[in-house]
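Participant: Got a structure here, written out as structure tokens. Questions coming.
Residue numbers (the numbering used here): 240 to 547.
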């Protein structure tokens with residue numbers, strides 16, 4: 240290392256110190272030592288710079304660690320809050336679980352009740368089905384019975400219709416016979432027994448049997464033959480039509496009416512009605528009249544055949 244001019248102090252070779260060998264050696268020694276110390280100092284500066292870099296790095300790491308510490312504290316706080324919330328959630332879950340268990344038991348009880356209700360309804364439905372089947376079978380039987388009764392009623396209807404027609408024919412025959420009987424009676428009144436030849440009456444056993452009971456009546460001699468003629472006509476009428484209670488009733492009414500007319504003619508001969516005569520032939524007109532059963536108070540309505 241060369242000494243600068245300032246240190247040399249303006250020494251020149253002519254000075255006494257300039258030629259001092261020991262001094263220069265010592266200076267050289269010191270100079271070498273300074274050089275070494277300078278090198279060491281440079282090394283130390285380098286190490287110091289490294290340490291400063293490491294220190295800065297450590298400071299940065301410390302700052303980072305502080306931030307990490309804050310983050311960790313925040314995480315710890317969050318974890319604590321999460322733990323507390325988890326505890327609350329666990330309690331809520333336990334509460335809800337207990338509630339769900341209670342609801343499950345209630346649903347199980349309701350399910351049991353519903354099963355019992357369904358079973359009862361199924362039994363009732365089976366009973367109703369059985370009842371409906373029985374009712375349907377009974378309805379089928381009733382329908383068959385009604386159809387049979389309808390057919391029977393239809394047959395009875397036609398039978399009654401036939402009987403009605405027969406009765407109408409019988410009534411027409413009765414009207415004709417009554418008209419003939421009335422005409423014959425009127426002729427007997429016009430020609431009394433004193434003016435016509437008499438003929439003997441047939442014996443009682445030879446007369447036609449009358450279905451009506453003969454009641455004794457008080458008649459004059461001129462009507463005795465007419466009374467016998469009544470019996471004969473009634474017997475002929477009984478033989479002509481079928482003997483039925485209704486026919487017997489009509490015959491009885493005709494006989495009673497004729498008897499009443501005969502009594503009126505005997506008591507009041509001036510009030511006798513003469514039948515109207517035909518203008519062309521001069522014969523009496525046959526006018527059939529309806530027999531009124533009310534003329535005889537003792538008359539009773541007798542049902543037709545099969546009505547009893």
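We put the beta carbon where it would ideally sit given N, CA and C, even for glycine. Nothing here was measured: the structure is a model prediction, and the numbers come from that model.
Quick one: what's got a C-beta closer than 6 Å to residue 310's C-beta in the same chain, skipping five residues either side?
Facilitator: For the purposes of this step, residue 310 is identified with residue 71 of the chain shown, where counting begins at 1. Answer for residue 310: no residue qualifies.
Participant: Residue 352 to residue 380, Cα distance in whole Å?
Facilitator: The residue you call residue 352 lines up with position 113 of the chain shown. The residue you call residue 380 lines up with position 141 of the chain shown. Those two C-alpha atoms are separated by around 41 Å.
Participant: Quick check: what's the CA-CA separation for residue 493 versus residue 421?
Facilitator: Locating residue 493 in the chain shown gives position 254, counting from the first residue. Locating residue 421 in the chain shown gives position 182, counting from the first residue. Their Cα atoms are separated by approximately 10 Å.
Participant: Suppose you measure from the CA of residue 417 to the CA of residue 390; what does that come to, to the nearest Å?
Facilitator: Your numbering for residue 417 matches position 178 in the chain shown. Your numbering for residue 390 matches position 151 in the chain shown. Distance between the alpha carbons of residue 417 and residue 390 is about 39 Å.
Participant: Report the rounded CA-to-CA distance for residue 335 versus residue 324, giving the unit in angstroms.
Facilitator: For the purposes of this step, residue 335 is taken as residue 96 along the chain shown, with counting starting at 1. For the purposes of this step, residue 324 is taken as residue 85 along the chain shown, with counting starting at 1. A straight line joining the alpha-carbon of residue 335 with that of residue 324 spans about 16 Å.
Participant: With 16 other CB atoms within 10 Å as the buried threshold, where does residue 497 fall?
Facilitator: Start at 1 with the first residue of the chain shown, and residue 497 comes out as number 258. Buried, by the Cβ-count rule.
Participant: Does the Cβ of residue 499 have 16 or more other Cβ atoms within 10 Å, making it buried, or fewer, making it exposed?
Facilitator: Residue 499 sits at position 260 when you count from the first residue of the chain shown. By the neighbour-count rule (16 or more Cβ atoms within 10 Å), residue 499 is not buried but exposed.
Participant: Do you know how far the Cα of residue 382 is from the Cα of residue 495?
Facilitator: Position 256 of the chain shown, counting from 1, holds the residue named residue 495. Position 143 of the chain shown, counting from 1, holds the residue named residue 382. When rounded, the distance between both Cα atoms is 51 Å.
Participant: Pull up the distance between the alpha-carbon of residue 260 and that of residue 285, whole angstroms please.
Facilitator: In the chain shown, the residue the question calls residue 260 occupies position 21. In the chain shown, the residue the question calls residue 285 occupies position 46. Roughly 36 Å separates the two Cα atoms.
Participant: Could you name each continuous alpha helix (DSSP H) segment of 4 residues or more that falls completely within the region 276–318, going from the start of the chain to the end?
Facilitator: none
Participant: Give me the Cα-Cα distance between residue 290 and residue 312, rounded to the nearest whole angstrom.
Facilitator: Taking the first residue of the chain shown as position 1, residue 290 is located at position 51. Taking the first residue of the chain shown as position 1, residue 312 is located at position 73. Spanning the two alpha carbons is a distance of roughly 31 Å.
Participant: Just the Cα atoms here: how many angstroms apart are residue 283 and residue 294?
Facilitator: Locating residue 283 in the chain shown gives position 44, where the first residue counts as 1. Locating residue 294 in the chain shown gives position 55, where the first residue counts as 1. Each residue's Cα considered, the two are about 15 Å apart.
Participant: Measuring only the C-alpha atoms, how far is residue 304 from residue 277?
Facilitator: Position 65 of the chain shown, counted from the start, is the residue given in the question as residue 304. Position 38 of the chain shown, counted from the start, is the residue given in the question as residue 277. Rounded to the nearest angstrom, the two C-alpha atoms are 38 Å apart.
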